[in-house]
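Mapping the sequence shown onto UniProt numbering, position 614 (from 1) lands on 614, and the numbers just tick up by one. Notes follow once the structure below has been shown.
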Amino acid sequence: MTANKPKLDHDHVRQLLQDMIRIRRFEDKCAELYTQEKIRGFLHLYDGEEAIAAGIIPLLSGADRVVATYREHGHALMRGVSMSSVMAEMYGKAEGCSGGRGGSMHLFDAATNFYGGNAIVGGGLPLAAGLALADRMRGDKSVTTCFFGEGAVAEGEFHESMNLAALWDLPVLFVCENNGYAMGTALSRSESEVDISRKAAAYGVEARVVDGMDIVAVEAAAMKAITEIRETGKPVFLECRTYRFRPHSMFDAQLYRDKQEVEEWRQKGPILRFQSWLLENGLIRDEDIAEIETQVAAEIEEAVAFAEAGTWEPLATLTKDVMAAEVPPVEVAESSGELVETTYREAVRAAISDAMTRDPNVFLMGEDVGAYGGCYAVSKGLMAEFGPDRIRDTPLSESGFTGAGIGAACAGMRPIVELMTVNFSLLALDQIMNTAATLRHMSGGQFGVPVVIRMATGAGKQLAAQHSHSLEGWYAHIPGLKVLAPATLEDARGMLWTALQDPDPVLIFENVMLYNQAGKIDANAGPVDISKAAVRRQGLDLTLITYGGSLHKTLQAADELADLGIDAEVIDLRSLRPLDDETIIGSVARTRRAVIVDEGWRSGSLAAEISARITEQGFWTLDAPVERVCAAEVPIPYPKHLEEASIPQVPSIIAAAKAVMGRA
Numbered sequence: 001m002t003a004n005k006p007k008l009d010h011d012h013v014r015q016l017l018q019d020m021i022r023i024r025r026f027e028d029k030c031a032e033l034y035t036q037e038k039i040r041g042f043l044h045l046y047d048g049e050e051a052i053a054a055g056i057i058p059l060l061s062g063a064d065r066v067v068a069t070y071r072e073h074g075h076a077l078m079r080g081v082s083m084s085s086v087m088a089e090m091y092g093k094a095e096g097c098s099g100g101r102g103g104s105m106h107l108f109d110a111a112t113n114f115y116g117g118n119a120i121v122g123g124g125l126p127l128a129a130g131l132a133l134a135d136r137m138r139g140d141k142s143v144t145t146c147f148f149g150e151g152a153v154a155e156g157e158f159h160e161s162m163n164l165a166a167l168w169d170l171p172v173l174f175v176c177e178n179n180g181y182a183m184g185t186a187l188s189r190s191e192s193e194v195d196i197s198r199k200a201a202a203y204g205v206e207a208r209v210v211d212g213m214d215i216v217a218v219e220a221a222a223m224k225a226i227t228e229i230r231e232t233g234k235p236v237f238l239e240c241r242t243y244r245f246r247p248h249s250m251f252d253a254q255l256y257r258d259k260q261e262v263e264e265w266r267q268k269g270p271i272l273r274f275q276s277w278l279l280e281n282g283l284i285r286d287e288d289i290a291e292i293e294t295q296v297a298a299e300i301e302e303a304v305a306f307a308e309a310g311t312w313e314p315l316a317t318l319t320k321d322v323m324a325a326e327v328p329p330v331e332v333a334e335s336s337g338e339l340v341e342t343t344y345r346e347a348v349r350a351a352i353s354d355a356m357t358r359d360p361n362v363f364l365m366g367e368d369v370g371a372y373g374g375c376y377a378v379s380k381g382l383m384a385e386f387g388p389d390r391i392r393d394t395p396l397s398e399s400g401f402t403g404a405g406i407g408a409a410c411a412g413m414r415p416i417v418e419l420m421t422v423n424f425s426l427l428a429l430d431q432i433m434n435t436a437a438t439l440r441h442m443s444g445g446q447f448g449v450p451v452v453i454r455m456a457t458g459a460g461k462q463l464a465a466q467h468s469h470s471l472e473g474w475y476a477h478i479p480g481l482k483v484l485a486p487a488t489l490e491d492a493r494g495m496l497w498t499a500l501q502d503p504d505p506v507l508i509f510e511n512v513m514l515y516n517q518a519g520k521i522d523a524n525a526g527p528v529d530i531s532k533a534a535v536r537r538q539g540l541d542l543t544l545i546t547y548g549g550s551l552h553k554t555l556q557a558a559d560e561l562a563d564l565g566i567d568a569e570v571i572d573l574r575s576l577r578p579l580d581d582e583t584i585i586g587s588v589a590r591t592r593r594a595v596i597v598d599e600g601w602r603s604g605s606l607a608a609e610i611s612a613r614i615t616e617q618g619f620w621t622l623d624a625p626v627e628r629v630c631a632a633e634v635p636i637p638y639p640k641h642l643e644e645a646s647i648p649q650v651p652s653i654i655a656a657a658k659a660v661m662g663r664a
């Protein structure tokens, strides 16, 4: 083949035809097995779109990466994932390419750099941008190819990813498989601009349109695009106009289109079209086609037998691959004996600087972290120290750059993603919950996401309802994440470096009222053990349990309680997921009373979870019901006196403590 044109000799055209037939027949069998309830859940078939995967993926090198969508069986097969392991995954068997954890929509294979299907429409776009960002930062010449449907172009993640790819010159081949229907809504009824390529071009991405039913045209366009990406490092967008002959999924009754439309498209389907052309021009014979069909049928039969003979994962390993099985041990530095004056803000900055100095794979990205120095001035001066490539200013696109951080982490980088405030994190919740927290599990442990995401949290600065959330308890609800709340200078300094060594996603919540906290820490302060709660004050009469911005209020309350003759023990949770039950229950077993202080709203709070655990594990040790001091059930008000009244304060903590002591 030349650089940009396929060489249509007998062997090559036979391979192209075989690849498409192989995908089609495999999916025909899957449809049959679905009706037999051997395959369950959603099943999205690629019938009619085979020319795209078959025309593009074989052009990639082994070092290149592929990110697909939920209609990804053809992509997996073309990438070299064995048909048997794909079929076993469709069955949900342990021998499947994702260990049976992903199913039809989540095929993964680390050996072939296949980064999986993605059931979230548009969800793979930021991931692909991040994989390419890692290559760009390391100077690698690999290409990440990202497949998605035209429905994704309505999602914010599409636009955020296009902007990032063009802004940062990311080596991504974006392939839009435009089949005309996002699900059951025609493009003309859902988009004001139906020329998809123009949307990508608007961001400065080189965008082209190709007939997705013509495998030769697809291959030629892809050859040109991949060559350009390798030469320039810049993204290319390829809109492949195609059609799916089958329903959106096997649940779909197809009431939104008539049979005549489908039949008209079938007459120009990629297999029929290419096969007819080959026969007419003497490039292939009927015997070749028969041989292909026989070979494919045998492979499918073998794949079905493999899946049928596969094993179900035992219930005993239900929680396997939620988190990494092994975490590097924490190497806490020895005390130097020298104390230095610092602030919480400066401690976090020193942690970032230290991590970036130690490890060239560490970088910081987020809104205004560079030239501006961060919303809370945490990263002030770091851009001058490490440069704009590693202190990376991002657009206001939380989902896009958080997803890019996740992708970069999957590719071996160690990104620190800063979300300016916790309320903005909700814009990135999809990427945090549906990608970062699930990727290890869905891939059967093949892909980890060692990303650290920092954000400011809490109330107290009169920022009103939309900038005063304490949502860390929400994130502590999600399996697959670790959630930290540093309340001391030592933890502000040490938790970040420990988190950066963790193989799983770690979220760090920094309370806004702590940034100006000043004090002294050891000059040699370094990594801390993030798995254990800390007893900040020992006591005998009751246990006060808290974290983050409420720790210092709770310690003050404990001091005032001592004046009343009540000896309170104070536990700083430090880690909100996982919770250190041993320390919590051990303390309550000694004191026999507990008060939980939590800046989150009372209903469904983290405090409610801790209270439930105390009741479940230590009910018979209690001398009084567990008390909770939480935020009032109101959006945080703007006026100072109302804001203070809406979150835990020293008097309310004292009142709760007196109540459990029977001294209210």
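All C-beta atoms in this analysis are idealised placements derived from N, C-alpha and C, irrespective of residue type, glycine included.
Measure the beta-carbon distance from residue i to residue j and round it to whole angstroms, keeping in mind my assumption that it falls under 8 Å.
| i | j | result |
| --- | --- | --- |
| A417 | V451 | Per the sequence shown, residue 417 should be read as Val rather than Ala. Sure, about 6 Å apart at Cβ, within 8 Å. |
| Y344 | Q617 | No, Y344 and Q617 are not in contact; Cβ-Cβ is about 33 Å, not under 8 Å. |
| A225 | L238 | 6 Å |
| I196 | E150 | 6 Å |
| L481 | A437 | 5 Å |
| Y70 | G117 | 5 Å |
| residue 693 | D504 | This structure leaves residue 693 out entirely; the chain is present only between 1 and 664. |
| P126 | S425 | The pair is not a contact, with the Cβ atoms about 15 Å apart (cut-off 8 Å). |
Pick helix, strand or coil for residue i, following the three-state DSSP scheme.
| i | result |
| --- | --- |
| A201 | helix |
| Y181 | strand |
| residue 676 | An answer regarding residue 676 cannot be provided, because it is not within the stretch 1 to 664 covered by the chain. |
| L427 | helix |
| T342 | strand |
| A518 | strand |
| K38 | coil |
| I654 | helix |
| P270 | helix |
| G366 | strand |
| V330 | coil |
| R136 | helix |
| R211 | It should be noted that the sequence gives Asp, not Arg, for residue 211. If DSSP states are grouped into helix, strand and coil, D211 belongs with the strands. |
| P625 | coil |
| L283 | coil |
| L484 | strand |
| E616 | helix |
| M455 | strand |
| C30 | helix |
| P395 | coil |
| R414 | strand |
| T2 | No answer about T2 holds up, because its pLDDT of 48 lies below 50 and its placement is not dependable. |
| residue 689 | There is no way to answer for residue 689, as the model of the chain reaches only from 1 to 664. |
| D258 | coil |
Tell me, please, which residues DSSP counts as bridged to residue i.
| i | result |
| --- | --- |
| A534 | D572 |
| C176 | F148 and E239 |
| R65 | T144 |
| V13 | Beta-bridge pairing links V13 to no other residue. |
| E510 | A456 |
| I52 | According to DSSP, which records beta bridges pairwise, I52 is partnered with nothing at all. |
| residue 682 | Outside the shown range of the chain, which is 1 to 664, sits residue 682, and nothing can be said about it. |
Would residue i be called buried (16 or more neighbouring beta carbons within 10 Å of its own) or exposed?
| i | result |
| --- | --- |
| S85 | buried |
| S379 | buried |
| R349 | buried |
| G445 | buried |
| F619 | exposed |
| residue 682 | The shown model of the chain, from 1 to 664, leaves out residue 682, and the question about it has no answer. |
| W601 | buried |
| W312 | exposed |
| R414 | buried |
| E160 | buried |
| F447 | buried |
Can you confirm whether the segment 207–217 touches the segment 25–39 when touching is taken to mean that 3 or more C-beta pairs between the two stretches lie within less than 8 Å? Short answer: they don't touch.
Does the pairing of the segment 557–565 with the segment 518–531 give three or more beta-carbon distances under 8 Å? Pairwise C-beta distances place the segment 557–565 out of contact with the segment 518–531, as fewer than three of them are shorter than 8 Å.
If we count Cβ pairs, one from each stretch, closer than 8 Å, do we get three or more for the segment 463–470 versus the segment 496–503? Cβ pair count under 8 Å is below three, so no.
Using 8 Å as the threshold, is the segment 9–25 in touch with the segment 103–114, meaning 3 or more CB pairs across them? Output reads no: the segment 103–114 does not touch the segment 9–25.
Check whether the segment 566–573 touches the segment 529–546, taking contact to mean three or more Cβ pairs, one atom from each stretch, closer than 8 Å. With the cut-off at 8 Å, the segment 566–573 and the segment 529–546 touch.
Would you be able to state if there are at least three C-beta pairs under 8 Å between the segment 255–271 and the segment 61–73? No, they do not touch.
Quick test of the definition: if touching needs 3 or more C-beta pairs under 8 Å, does the segment 121–138 touch the segment 327–341? The segment 121–138, when compared against the segment 327–341, does not touch it at the 8 Å Cβ threshold.
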